[in-house]
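A short worksheet on the structure shown next.
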Amino acid sequence: MNPEKDSAVLKALGHPVRLKILAGLRSSDGCNVSEMTGKIGIPQSTLSQHLGILRNQGIIAARKEGVRTCYRIVDSRVVKMLDLLK
């Protein structure tokens, strides 16, 4: 257990938009920004800021598929937390 890192992850999870992003990623096999923007209903720039926070905490990772960037959850603890919140 690393209290500083763990609290930073929990802080990143503490925003409704980021929880929506993660729930969407959990129910699919990754998603690109334009698809997420339509589903969540926020501007792309705002979504990108939230994705950056999740990426910086090691919660999600990006992969390139041609010109698209798709995201997936890489922190198994977060997957378990999302399952508990269901």
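Under numbering that gives the first Met the number 0, read the sequence shown as residues 0 to 85, first letter to last.
No residue lacks a Cβ here, since even glycine has one placed at the ideal position from N, Cα and C.
Under the DSSP definition of a beta bridge, which residues are partnered with Lys63? Thr68
How far does the alpha helix (DSSP H) with Gln92 in it extend, from its first residue to its last? There is simply no residue 92 to check, as the chain begins at 0 and stops at 85 in what is shown.
Applying the criterion that 16 or more other CB atoms from any shown protein chain within 10 Å of the CB defines a buried residue, is Met35 buried or exposed? buried
Just to confirm before moving on: does the CB-CB distance between Ile59 and Leu24 stay below 9 Å? yes
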